[in-house]
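Numbering (the working numbering), first residue to last: 212 to 713.
First up is the structure itself, then whatever we jot down about it.
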């Protein structure tokens with residue numbers, strides 16, 4: 212009875228949210244102009260605003276002249292000043308939270324969340340879920356329990372500012388109408404040890420097993436969670452959780468994990484991809500997955516885009532939303548009410564549509580292999596593997612990473628080394644490797660030229676024992692929902708550590 216009443220009360224709100232969504236799709240360029248103007252006005256008296264002549268900025272051209280692109284490392288002096296207690300540095304006052312992330316080049320990062328920016332993290336997640344429920348006519352989903360594999364909810368203090376993982380912070384702001392359906396419990400979310408935490412989440416899941424409709428998390432940790440459920444019960448997920456119908460994911464490309472997750476579930480389920488970051492909620496899936504993610508142009512973020520071909524030059528090309536094209540890889544740059552200004556978030560994106568503006572994430576600015584001049588990017592290795600797995604339908608991949616192998620032996624070619632953990636390996640590994648190499652040649656012409664010119668040899672696969680990636684994460688103290696595998700690198704730091712665990 213409660214579910215029926217709650218669904219009836221929710222439906223009018225869903226229709227209102229759908230109307231708001233359609234309204235926000237109109238005039239996105241005007242939304243972005245207004246957002247930049249508002250951000251500049253509100254921050255003109257901050258230390259950063261005074262240094263960068265905010266009172267004189269009238270338009271985007273002025274903004275580009277006065278505010279250079281910065282990485283996190285270049286923001287550290289400002290961040291340290293705020294952490295020391297200085298007010299009005301990047302945004303008026305002090306942050307209400309620090310969101311900590313595991314940086315790839317700067318160690319732990321401290322990303323400010325202001326009173327102005329916090330609501331947009333919550334609203335965007337809500338809007339993604341409400342839009343799905345409206346699009347699929349599935350308001351009942353919102354009355355079911357929801358499992359979120361999120362960060363530790365326990366917060367520390369940094370100069371009187373609460374500090375922790377974004378997903379943990381958001382747990383304190385779950386809307387009241389959803390809070391009684393939210394799993395795991397606060398006490399479980401505060402467990403430090405990830406393995407203990409997953410075990411306790413499984414225990415709570417089994418208590419509410421018939422009422423769970425949604426599960427959300429990063430794909431490799433979703434797989435670990437499902438595996439634990441199977442170990443505990445001996446059943447497939449569809450039998451353990453008969454009303455589970457929506458898998459919400461983000462953080463990494465879903466394709467390499469899709470088939471193994473669905474095998475574990477026992478059937479395909481609907482998926483909803485989101486693109487949240489500590490710096491802001493960037494995009495979410497509003498249509499079929501292959502169409503890309505809807506860029507959130509009406510929130511508090513002003514977006515810029517730098518073609519990756521110019522990113523590492525002395526004068527990178529900076530574009531706003533009205534200047535982008537489909538089919539081009541861009542480094543993503545944001546300015547927001549958190550006090551981040553022309554901040555290089557580190558991701559690369561590509562537009563699949565300009566009406567509305569939809570994107571796919573193609574990789575990380577600094578994650579590539581160009582040890583031999585090939586400049587292979589994350590999207591290419593993931594697509595090559597996806598295409599190969601379509602031909603070898605019996606093969607299942609748990610996790611993988613790619614690194615350059617530089618030969619020091621005469622007569623042995625340098626090559627790309629793929630370290631792959633299979634849950635079901637190919638019967639003919641050489642044939643699988645040849646097909647994978649063929650796919651790579653088709654996706655990257657520079658790589659193909661090096662293969663044809665015998666500068667590089669065919670890629671080689673190093674199969675890893677089950678649990679190797681998990682063992683690596685555990686040894687490196689990188690267990691947890693925010694810790695992702697480095698998909699490819701221009702060095703062998705990760706690859707060599709994995710090989711030592713064989």
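C-beta: ideal position from N, C-alpha, C; glycine also.
- Three or more Cβ pairs closer than 8 angstroms define a contact, and the segment 673-686 meets that threshold against the segment 616-632.
- When the alpha-carbon of residue 292 is set against those of 370, 344 and 384, the nearest one is in 370.
- For residue 709, the enclosing alpha helix (DSSP H) has its first and last residue at 704-711.
- Under the DSSP definition of a beta bridge, residue 614 partners with 628.
- In the three-state reduction of the DSSP assignment, residue 465 falls in the coil class.
- Per DSSP, residue 432 has no beta bridge partner at all.
- The residues 427, in chain order, have a CB closer than 6 angstroms to that of residue 359 in the same chain once the five nearest residues on each side in sequence are set aside.
- Cβ atoms of residue 614 and residue 700 come within 8 angstroms of each other, at about 6 angstroms.
- Unbroken alpha helix (DSSP H) runs of no fewer than 4 residues, entirely contained in the segment 236-318, are found at 239-253, 258-262, 271-277 and 283-294, following chain order.
- As the crow flies, the alpha-carbon of residue 525 is around 28 angstroms from that of residue 563.
- The three-state reading of DSSP puts residue 341 in helix, counting H, G and I together.
- Counting every other CB atom within 10 Å of its CB across the protein chains shown gives residue 565 a total below 16, marking it as exposed.
- Per DSSP, the unbroken alpha helix (DSSP H) holding residue 643 starts and ends at 640-654.
- DSSP lists 423 as the beta-bridge partner residues of residue 356.
- As computed with DSSP, residue 320 is found in a beta bridge with 312.
- Residue 487 is bridged by DSSP to 492.
- For residue 593, there is no enclosing beta strand (DSSP E); the enclosing alpha helix (DSSP H) has its first and last residue at 589-602.
- Burial of residue 378 is indicated by the presence of at least 16 other C-beta atoms within 10 angstroms of its C-beta.
- Taking the C-beta atoms as reference points, residue 559 is found nearer than 8 angstroms to residue 575.
- Residue 421 and residue 353 have their C-alpha atoms roughly 15 angstroms apart.
- Taking all protein chains shown into account, residue 375 has 16 or more neighbouring C-beta atoms within 10 Å of its C-beta and is therefore buried.
- In the structure shown, residue 635 falls within a strand segment according to DSSP collapsed to helix, strand and coil.
- Under the three-state reduction of DSSP output, residue 402 falls in the coil class, being neither helix nor strand.
- Residue burial is scored here from C-beta neighbours: residue 504 has at least 16 other C-beta atoms within 10 angstroms and is therefore classed as buried.
- Boundaries of the alpha helix (DSSP H) around residue 377: 377-381.
- For residue 680, the enclosing alpha helix (DSSP H) has its first and last residue at 679-686.
- Its Cα nearest to that of residue 351, the residue 456 stands out among 366, 580, 434 and 456.
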